[in-house]
Amino acid sequence: MATLVHATRPRRSPVTWARRGGLSTLVFALPLLVVFGVFSWLPIGRAIVMSFQETNLVVSEWVGLDNFRAVLDDPLLGRAVANTAWFALLALIFGYPVPLVGAVLMSTVRRMRGLYSVLAYLPVVVPPVVAVLLWKFFYDPRPEGVFNQILGWVGVGPFPWLQNQTWAMPSLVLEATWAAAGGTVIIYLAALTSVPAELYDAAEVDGASLWGKIWHVTMPHLRGVLLITFILQIIGTAQVFLEPYLFTGGGPNNATVTVLLLIYRYAFGQSLGGDYGMATALSLMLAVLLAVLSLAYFRLTRGWSTS
Amino acid sequence: MTLVRPTTSPTAAAPPDLPTASAPVARPGIRRGAGAPRDDEERGAVSDADWRRPGVRRTLRVGHAVLLLLLVVWGVGPLLLLLKFAVTPTQDILRTPLEVFPNGTTWANLDEAWNELEISRYFLNTIWVAVGAWLSQVLVAATGGYVLSVLRPRWAKPLQWAVLATLFVPAVVLLVPLYLTILDPPVGPSMLNTFWGVWLPAGASAFNVVLVARFFDSLPREVFEAARVDGAGPFRLFWSIVLPMSKPILGVVSVFAVIAAWKDFLWPLLVLPNPDLQPLSVRLPTLQTATDMGVLMAALAISTVIPVVVFLLFQRLFLRGAGLGGAVKG
Chain A
183 MATLVHATRP
193 RRSPVTWARR
203 GGLSTLVFAL
213 PLLVVFGVFS
223 WLPIGRAIVM
233 SFQETNLVVS
243 EWVGLDNFRA
253 VLDDPLLGRA
263 VANTAWFALL
273 ALIFGYPVPL
283 VGAVLMSTVR
293 RMRGLYSVLA
303 YLPVVVPPVV
313 AVLLWKFFYD
323 PRPEGVFNQI
333 LGWVGVGPFP
343 WLQNQTWAMP
353 SLVLEATWAA
363 AGGTVIIYLA
373 ALTSVPAELY
383 DAAEVDGASL
393 WGKIWHVTMP
403 HLRGVLLITF
413 ILQIIGTAQV
423 FLEPYLFTGG
433 GPNNATVTVL
443 LLIYRYAFGQ
453 SLGGDYGMAT
463 ALSLMLAVLL
473 AVLSLAYFRL
483 TRGWSTS
Chain B
89 MTLVRPTTSP
99 TAAAPPDLPT
109 ASAPVARPGI
119 RRGAGAPRDD
129 EERGAVSDAD
139 WRRPGVRRTL
149 RVGHAVLLLL
159 LVVWGVGPLL
169 LLLKFAVTPT
179 QDILRTPLEV
189 FPNGTTWANL
199 DEAWNELEIS
209 RYFLNTIWVA
219 VGAWLSQVLV
229 AATGGYVLSV
239 LRPRWAKPLQ
249 WAVLATLFVP
259 AVVLLVPLYL
269 TILDPPVGPS
279 MLNTFWGVWL
289 PAGASAFNVV
299 LVARFFDSLP
309 REVFEAARVD
319 GAGPFRLFWS
329 IVLPMSKPIL
339 GVVSVFAVIA
349 AWKDFLWPLL
359 VLPNPDLQPL
369 SVRLPTLQTA
379 TDMGVLMAAL
389 AISTVIPVVV
399 FLLFQRLFLR
409 GAGLGGAVKG
């Protein structure tokens, strides 16, 4: 009698659990559980713990908010935050409107649209390190440099590019835009081709001109995608590392030191290095800032999306 | 629109293009037949009537021509220059970078880069890194997606949330603690200077798992039920039914995985300090200072060839993939 009651209970014994396929389910879940557990969930938890610790791999000591205080006292922090914001702003100016106009124009192409997409996307598949090293050569400040020579044909320049505090950051952004814009174009293009044909038909019946159709049918349909790519680009550019690290190493005169470069220097830099507590503290601060920014952004734009 | 939607599932950025079982993405290498509807024939903002108006047509034609020209300069220009530099003597590269072979070509650059700079070795390392990262991502995404979408144990929901939650965490947070995990893993020896340190963390991609799980969700349940009735166990169901049906989405995941591994810089830089193990992306910057410009350009060109060729071969797969998930970078 007792066993019968036991068997009808929702909680099953391990044997029935295994027989019902619980074991094989666990086997299938194992790769995900192990990989995410060790390389995602554990480090995320560790990041929070570490930011309150002084760590030197062997022993860890609780130091309260000292890491955060040390980061905030770093005279370079303000510079790094300002530089990162400047990079993000320039990246928006360079990289937000141009792909949009390009994608809208591309969506009206009737023959060989694939060729346009391939050309636009080609820079995205070039390894970023190759792109940076190649552009570093293009940015040669001598009058014989590739860009200076081209600009010389129209009588402009020569420019110092990476060697100059004012010019360095826009130069970085220009390369980063070249490397990334193709991806944005393809995202817009995917959204553009998903505009239902009936909407255009209806607009035509109502006598809309071509511009009317683009402005009142195409653009509103893109709004959702535009809103998302905007914040994703901000989140991406706030973590820019490769360009400042490889192009300038943060120079000249700290004009291109970004937050991520600072984090890298705290943790792995030659002279600084090894201060994992400070590095994670700054990472967490950046992450919280980005989270707050995204939340505020989505609250603000909640009503704007049509989809 | 809810607050969480855009970040929980990046795929929401372009839902209409999400590959489903009923509308699979183009398979690599197989071009669609001439009779099948092509994307180019979908209707855009410009109607046939618009096209017939000479003013509109002329404006668009000119616009398209200018756009094509700009795209050629933008997409092909720098790469053509790179190819040219790879076979140009260093003196010419430095003095007259824009002239076309004023003193002829030289193949010595390529030879020296491949053999003396040992680009061949770093090239192999890169392939090795990419293959392992690909395997680990496909394995985790396919089995994980199978559990979350098809097997659906009771704990599937919390597991799914735990995976989704990692999408909210920016990569920068993981950098240092993940590095320390590699140095001193919970079990086993340090993974520093082993490819495992690059391969295994690559598998922890929530984006892949979500993408594959959503694809599995769109597969017809009746097929699974029929297979179960016919006596197929979970392993048989996975191997003979689910996997063969999910080639399109695994293709997308594979393309992302290989390209991401080929592009990655910071992580292999940290995990593989031993130059003998480093992939091209990590090795090239250290080579640049001490290398002749012509040889460096040859090395850069060699590093670019494979990704570009792979892209040109599987362009449809790439562009579909980029359209639905390219937004996921942070």
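Chains A and B supply the protein sequences, listed in that same order. Using our numbering, read the first sequence as starting at 183 and increasing by one per residue. Using our numbering, read the second sequence as starting at 89 and increasing by one per residue. Ideal Cβ placement from N, Cα and C applies to all residues, glycine included.
Asked                                                                                                                                                                           : Found
What's the gap between the Cα of Leu274/A and the Cα of Arg202/A?                                                                                                               : 54 Å
In three-state terms, what does DSSP make of Glu206/B?                                                                                                                          : coil
Between the segment 473-484 of chain A and chain B, which residues of the former have a C-beta closer than 9 Å to a C-beta of the latter?                                       : Ala473, Ser476, Leu477, Phe480, Arg481, Thr483, Arg484
Is there a Cβ of chain A sitting closer than 7 Å to that of Ala153/B, yes or no?                                                                                                : no
Can you find a CB in chain B that lies within less than 7 Å of the CB of Glu386/A?                                                                                              : yes
Could you check where the alpha helix (DSSP H) with Trp244/A kicks off and where it finishes?                                                                                   : It is not in any alpha helix (DSSP H) - Trp244/A instead sits in the beta strand (DSSP E) that spans 242-244.
What do you reckon, are the CB atoms on Ala461/A and Tyr448/A nearer than 7 Å?                                                                                                  : yes
Where do the N-terminal and C-terminal ends of the beta strand (DSSP E) with Thr411/A fall, by residue?                                                                         : Counting along the chain, Thr411/A falls outside any beta strand (DSSP E), though it belongs to the alpha helix (DSSP H) covering 401-419.
Mind checking which residues open and close the alpha helix (DSSP H) that includes Val376/B?                                                                                    : For the record, residue 376/B in the displayed sequence is Gln; it is not Val. Per DSSP, Gln376/B belongs to the alpha helix (DSSP H) from 368-376.
Is the separation between the beta-carbon of Thr359/A and that of Gly260/A shorter than 7 Å?                                                                                    : no
For Arg302/B, count neighbouring Cβ atoms within 10 angstroms of its own Cβ and tell me buried if that reaches 16, exposed if not.                                              : buried
To be precise: take each residue of the segment 343-358 of chain B, compare its Cβ to all Cβ atoms of chain A, and keep it if any distance is under 7 Å. Which residues remain? : Ile347, Trp350, Lys351, Phe353, Leu354, Leu358
For Gln403/B, count the other beta carbons within 10 Å of its own beta carbon; 16 or more makes it buried, fewer makes it exposed. Which is it?                                 : buried
For Val286/B, tell me which candidate among Ala253/B, Ile215/B, Phe295/B has the shortest Cα-Cα distance.                                                                       : Ile215/B
Among Ser369/B, Phe406/B, Gly409/B, Val398/B, which has the Cα closest to the Cα of Ile207/B?                                                                                   : Ser369/B
Express the C-alpha separation of Phe256/B and Leu198/B in angstroms, rounding to a whole number.                                                                               : 44 Å
Tell me whether Thr438/A sits in a helix, a strand or coil according to DSSP, three-state version.                                                                              : coil
Report the neighbours of Ala250/B on chain A: residues whose CB is nearer than 8 Å to its CB, in chain order.                                                                   : Phe218, Trp223
Under a three-way DSSP split, which group does Gln345/A fall into?                                                                                                              : helix
Could you tell me the distance, in whole angstroms, from the CA atom of Thr184/B to the CA atom of Glu326/A?                                                                    : 7 Å
Which bits of chain A does Gln376/B rub up against, with CB to CB less than 7 Å?                                                                                                : Leu315
Would Leu272/A pass as an interface residue toward chain B - the criterion being a Cβ-Cβ separation below 7 Å?                                                                  : no
What does DSSP give as the partner residue(s) for Gln235/A in the beta ladder?                                                                                                  : Trp244/A
Please report how far the alpha carbon of Ala196/B lies from the alpha carbon of Leu205/B, in whole angstroms.                                                                  : 12 Å
If I'm right that Leu374/A touches Val286/A with Cβ under 8 Å, what's the distance once you round it to whole angstroms?                                                        : 7 Å
Note the first and the last residue of the continuous alpha helix (DSSP H) segment covering Asn265/A.                                                                           : 257-277
Assign Gly123/B to one of three DSSP states: helix, strand, or coil.                                                                                                            : Confidence at Gly123/B is low in this model, with a pLDDT of 39, below 50, so its placement is unreliable and the value that follows should be read with caution. Looking at Gly123/B - three-state DSSP - the assignment turns out to be coil, as it is neither helix nor strand.
Kindly give me the distance between the Cβ atoms of Ala221/B and Ala349/B, rounded to whole angstroms, as I take these residues to be in contact under 8 Å.                     : 4 Å
Which runs of the alpha helix (DSSP H) at least 4 residues long sit entirely within the segment 326-382 of chain A? Give them in chain order.                                   : 328-335, 347-375
Roughly how many angstroms separate the alpha carbons of Ser465/A and Gly151/B, rounded to a whole number?                                                                      : 45 Å
Can you find the residues in the same chain that come closer than 7 Å, C-beta to C-beta, to Ala410/B, ignoring five residues on each side of it along the sequence?             : none
Three Cβ pairs or more, each shorter than 8 Å: is that satisfied between the segment 401-412 of chain A and the segment 365-385 of chain A?                                     : yes
According to DSSP, is Ala174/B part of a helix, a strand, or is it coil?                                                                                                        : helix
Is Phe399/B helix, strand or coil by DSSP?                                                                                                                                      : helix
If we cut at 7 Å on Cβ distances, does Gly203/A have a partner in chain B?                                                                                                      : yes
Counting only beta-carbon separations shorter than 7 Å, does Gly409/B have a partner in chain A?                                                                                : no
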